[in-house]
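J.: Quick note, the numbering used here runs 309 ahead of the 1-based positions in the sequence shown. By construction, the Cβ of each residue, glycine as well, lies at the ideal position given by its N, Cα and C atoms. Computed from a prediction, not measured in an experiment: that's the story for all the values here.
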Amino acid sequence: MRTLSTGTAPVAATSANPARGLRRYWPRPKSVAGQIALLVVAAIVATHAVAALALFALREPWRAEARPGVAANRLAVIARMLDDTAPEGRDAILTAAKRSVPSLHLGTWDGTPPQVESERLREHPIIERLRDAFGRDLALADLGPDSGSDDPPVLHLGLRTPAGAGLRATLPDETLGPPKRGVIIFTLVFMATTLTLLTVWATRALTAPLAQLAGAAEAFGTRRAPPPLPRRGPEEVLALAGALDRMRARVNRLIDDRTQMLAAISHDLRTPITRLRLRAEFIDDEQARERTLRDLDQMNALVEAALAYARDERAADGGSDKEKPLIDVASLVQTVCDDFSDTGADVRMEQARHVLIRAHPEDVQRAVVNLVDNAVKYAGSARLSVGKSATGVVIAVADDGPGIPEAERHAMLQPFVRGDRARNLNDASGFGLGLSIVFAIVEAHDGRLALENRVGGGLSVRIELPGTLKAAGEDRRPAAVSERANVDG
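(1) Taking the continuous beta strand (DSSP E) assigned at R667, which residues delimit it?
(2) Which first and last residues belong to the beta strand (DSSP E) in which P770 is found?
(3) Here's a check: name, in chain order, each residue in its chain whose Cβ is nearer than 6 Å to the Cβ of F748, leaving out the five neighbours to either side.
(4) Measuring alpha carbon to alpha carbon, tell me which residue in A573, P634, S694 is nearest A661.
(5) Determine the closest residue to G475 out of P714, K339, L415, with distance taken between C-alpha atoms.
(6) In terms of residues, what are the limits of the alpha helix (DSSP H) holding R477?
(7) With 16 other CB atoms within 10 Å as the buried threshold, where does T644 fall?
(8) The beta strand (DSSP E) with H465 in it runs from where to where?
(9) Relative to the C-alpha of F680, which residue among A707, P711, S575 is closest?
(10) Mark F591 as exposed unless 16 or more other C-beta atoms lie within 10 angstroms of its C-beta, in which case mark it buried.
(11) Between the alpha carbons of P539 and A528, how many angstroms are there, rounded?
(12) Using the Cα positions of V379 and P471, report the straight-line distance between them to the nearest angstrom.
(13) Could you say which of G689, D637, K633, H669 lies nearest to V656 if we only look at CA atoms?
(14) Over the uninterrupted alpha helix (DSSP H) stretch that includes K407, give me the two end residues.
(15) Can you check DSSP and say which residues form a bridge with I636?
(16) Tell me, to the nearest whole angstrom, how far the beta carbon of D482 is from that of P462; I am working on the premise that it is less than 8 Å.
(17) Ordered along the chain, which non-local residues of its own chain (more than five positions away) have a Cβ less than 8 Å from that of A346?
(18) Tell me which residue opens and which closes the alpha helix (DSSP H) that R567 is part of.
(19) Give the DSSP bridge partners of R757, in chain order.
(20) Relative to the C-alpha of I402, which candidate in I387, V425, I564 has its C-alpha closest?
(21) Between R718 and L760, which are expected to be in contact by the criterion C-beta below 8 Å, what is the C-beta distance as a whole number of angstroms?
(22) I want to see whether chain B comes within less than 8 Å of G475, judged by CB atoms only; does it?
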């Protein structure tokens, strides 16, 4: 893990200023429970308000008989009562109906309906409603052909029931409108939309400090500048933000102290190792002298590896993309292959695609050298490839060694951790810092390091670095193959 200096002042639970903006005039609860309760109550109040408006818009008029459909139904009921009553009792019913429904202007009618009903009555929707409500044959006569001049328009009708009861009535001549489905649908849609927007807004306002806090926690320990911790929000979130900031400061102090201690010890060990080396040269026993010098070389290598690890830990926090030069990854990896090949190691490039990225060449070269060195030590050979990915460049180092068990891969990335016996045949071959340094360099470039065992045996290590700017040319043959072709030609 690298050192990360945040530069963010500690956040206290009391750092929020409640008297700001609308909160000065409309204070809200400071706790999460209170804000959730306020959200629920606000949703219920909004629902009741919209429902009340809908009921007000769809309410029945005070005089329901003024509506054409209601008037036709009531006239049909009165006509059926007269039809089912003996002639001597019809006057009483008609008198009571006049008092109950004065808007119909009821009266007796002694006329005779025409044999052929007028076209106006046959196609009139109110008449159809009247016939449907009566349920029997009903003879009708239009007593007011010029009633269209009335304001409001009315129908003057004469009715003759099957039992011979005659009745004269006046109905409002208005268009029968369908039920207000549009108003109902609009009300429901408006209610759903309003509640959804209110809920989404309130939820986002409630969870925004949590998302900000999660982003700050996720950025901790990486090169990315951490977002500021939330300074406004519920009391619980502010308390958690303050605790996280204090914990971040403690972790940074611990990492700084560890790195400084490691660098100091490694640096101070150089002097006694040098003195011991000079004294070992005067040992008369040649075998004892060689063993002592070999142990001192091992100690010196350990010191150098620890210093390199400490430098990489410190360098992981510095450097922006503007400070990184533009490098050709394929050329850099080819240089590493040539260096190892010059020493007699079986290292070759299998695929090289020229990809330009911004990175620190020394760090990338050190990472590739460490991977190739591990492959040569534990497997005897290494095969490298450079390719282009969707977000950057991929450097792969494969070998035919014993591989690393899946359960040990995470631990192998920690400093001073070495693999099992299969990868440690020589006790003096390493100190467990190679993969740790590679991991620190890759993370410093916002990259990704993946270790996978190959199907046919061996280990494949992939370094994925972002920030591809340009890919020049197609995949070319390895350099050794090209040189061999030139010689044969």
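T.: Inspection of the coordinates gives the following:
(1) Taken as a continuous stretch (DSSP letters only), the beta strand (DSSP E) holding R667 covers 655-667.
(2) According to the sequence provided, residue 770 is Val. The question's Pro does not apply to it. Residues 768-775.
(3) L722, L758
(4) Of the residues A573, P634, S694, the one whose Cα lies closest to the Cα of A661 is S694.
(5) L415
(6) That residue, R477, is in no alpha helix (DSSP H); its beta strand (DSSP E) goes 475-481.
(7) Exposed: under 16 other Cβ atoms inside 10 Å.
(8) First-last of the beta strand (DSSP E) with H465: 463-469.
(9) For the record, residue 680 in the displayed sequence is Leu; it is not Phe. Nearest of A707, P711, S575 to L680, Cα basis: A707.
(10) By the neighbour-count rule (16 or more Cβ atoms within 10 Å), F591 is not buried but exposed.
(11) 14 Å
(12) Here the C-alpha atom of V379 lies approximately 23 Å from the C-alpha atom of P471.
(13) G689
(14) 399-409
(15) I666
(16) In this structure D482 is in contact with P462, their Cβ atoms being roughly 4 Å apart against a cut-off of 8 Å.
(17) P338
(18) 544-589
(19) E773
(20) I387
(21) 5 Å
(22) No chain B appears in the structure shown, which is made up of a single protein chain.
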